[in-house]
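Take a look at the structure set out below.
Residue numbers (this note's numbering): 1 to 496.
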């Protein structure tokens, strides 16, 4: 149902003569009022009417507002302490009439500013009052909901009235009394969402360098861009929490930044922006600090990775080259060494244990795969022979099927390595420099040592005639090219 609300008119004075009358109010809700303009007329002295004004409606949120000022001959018959009748008509036939007493002699001694005609429920508001009648006076403010506040010694410099909050919607009249005079200020309290429309842009910069306590320096900047809503406080207050600890706060009606710098251990850290006193939901985010390994921990992890890689390469070579019986011994010895080194490594770091393990997992698998490729010409020939025999039912297509299976298996292993790498990246947040550093480590260090160790073992045992060594020079050249390209990427990523 369309409804028109008329506020107490605002009177302009020249001495005791009324020079203007300003009518304000609201109409709504927006979906039930079909008019775009309103016709407003005021009447003084037993129905003598002014010339009607046609004014536009300023729609905002659920309700629209309007204002019209009458002056000159239109207010010539309006007198102080007499009634004025205000009639507001919508072009679809909806109208509202309301009579007001023009308080101008006594109430003009009060200068009230910052009091809106509409405010929001559960939202603190404040206005200013000054007494311009000379000297000071005591004020009593009745908010119309049972709350009365006494304010002594108010002078021309004015005071800020204490913050107040209406907890129920409705139409209220704030009555300010002084020296036996009562001045009324109608106010509408409505339901509205006063949560600030704040774009909280969280930016986190984490230093690459590790501190002695294995933490990293992180700088967090949060840009809060508030857009206060009509009827709500213009100032938006915000607080920055990191891991539920308050680190910065601020308040403004224009964009402002909350910042903090601190040392943080590896893992995810929660960033929360709270709007105190508003009841609004928090804005949240996360910044991640990658792992810092001590030199001791890194050496133990690296030793475990090399032993595990040697063990895997030796095992696969033995399975496809059973004649190389000494490979079984190499597999067994390196496996025992890997288990011992793993047990020495795992208790090393007390925090972020999952990330070093995820790093080791994809590095071992990648290095083992590359090492096997470089040492396994005879293994591939044997696998190819087995597959051709298994696909003998396909006739002349058997070789093609065998090659397809080998390619699919190789691609599958590459996919598994990639997925493990992506999981490490997503969960452990390494920087670009750290990513390329660890890729280079897996190629050059882990793979290189394992390749030389197993290749040297085969060469010293079986000599150059072993078919497994035939393509080592070619594989090494390709491998060296890949390492060189990764090295360039690392330099690019790690150079400030």
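Even for Gly, the Cβ is constructed at its ideal location relative to N, Cα and C.
Quantities reported herein were computed from a predicted structural model and do not represent experimental measurements.
- In terms of CA proximity to residue 296, 349 leads the group 494, 349, 170.
- Three or more Cβ pairs drawn from the stretch 444-458 and the stretch 304-314 lie within less than 8 Å of each other, which places the two stretches in contact.
- About 5 Å separates the beta carbons of residue 161 and residue 127, which is inside the 8 Å limit, making them a contact pair.
- Membership of residue 309 in the alpha helix (DSSP H) is indicated by the continuous run 295-320.
- When only Cα atoms are considered, residue 120 and residue 191 end up about 6 Å apart.
- The residues 35, 37, in chain order, have a CB closer than 7 Å to that of residue 91 in the same chain once the five nearest residues on each side in sequence are set aside.
- With distances taken between CA atoms, residue 285 lies nearest to 268 out of 268, 294, 298.
- Boundaries around residue 474 are those of the alpha helix (DSSP H), 472-494, since no beta strand (DSSP E) includes it.
- When the alpha-carbon of residue 384 is set against those of 332, 401, 372, the nearest one is in 401.
- Residue 77 carries a coil assignment under DSSP once its states are collapsed to helix, strand and coil.
- With 16 or more other Cβ atoms inside 10 Å of its own Cβ, residue 301 counts as buried.
- Using a Cβ distance threshold of 9 Å, residue 358 and residue 428 count as a contacting pair.
- Under the three-state reduction of DSSP output, residue 115 falls in the coil class, being neither helix nor strand.
- Rounded to the nearest angstrom, the gap between the Cα atoms of residue 281 and residue 170 is 26 Å.
- For the options 482, 366, 433, the alpha carbon positioned closest to that of residue 415 is the one of 366.
- Within the DSSP secondary-structure output, residue 288 pairs in a beta bridge with 268.
- For residue 48, same chain residues with a beta-carbon under 8 Å away, outside a window of 5 residues either side, are 77 in chain order.
- By the C-beta criterion, the stretch 367-376 is judged to be in contact with the stretch 438-448, since at least 3 inter-stretch pairs fall below 8 Å.
- Each residue's CA atom was taken as its position, placing residue 133 and residue 110 some 8 Å apart.
- Rounded to the nearest whole angstrom, the CA to CA distance from residue 443 to residue 264 is 30 Å.
- Taking 9 Å as the cut-off, the Cβ atoms of residue 55 and residue 87 do not count as close.
- Where residue 70 is concerned, the enclosing beta strand (DSSP E) starts and stops at 63-71.
- Here the alpha carbons of residue 210 and residue 114 stand approximately 53 Å from one another.
- Assignment of residue 375 by DSSP, reduced to helix, strand and coil, places it in the coil class.
- A direct Cα-Cα distance of roughly 23 Å separates residue 478 from residue 305.
- In chain order, 326 place their CB closer than 6 Å to the CB of residue 461, counting only its own chain and leaving out the 5 sequence neighbours on each side.
- Nearest to residue 154 by alpha-carbon distance, out of 178, 262, 166, 168, is 178.
- Where residue 341 is concerned, there is no enclosing beta strand (DSSP E), although the alpha helix (DSSP H) around it starts and stops at 326-345.
- In this chain, the alpha helix (DSSP H) harbouring residue 434 covers 432-440.
- Closest in alpha carbon position to residue 7, among 117, 386, 487, is 117.
- Minimum Cα-Cα distance from residue 9 among the listed residues 44, 32, 31, 28 corresponds to 44.
- By the Cβ neighbour-count rule, residue 354 is exposed, with fewer than 16 other Cβ atoms within 10 Å of its own.
- Look at residue 353 here: in three-state DSSP terms it is coil, with no helix or strand label.
- Shown here, residue 38 sits in a strand according to DSSP, grouped into three states.
- Residue 408 is not a Cβ neighbour of residue 387, given a cutoff of 9 Å.
- The beta carbons of residue 290 and residue 441 sit no closer together than 9 Å.
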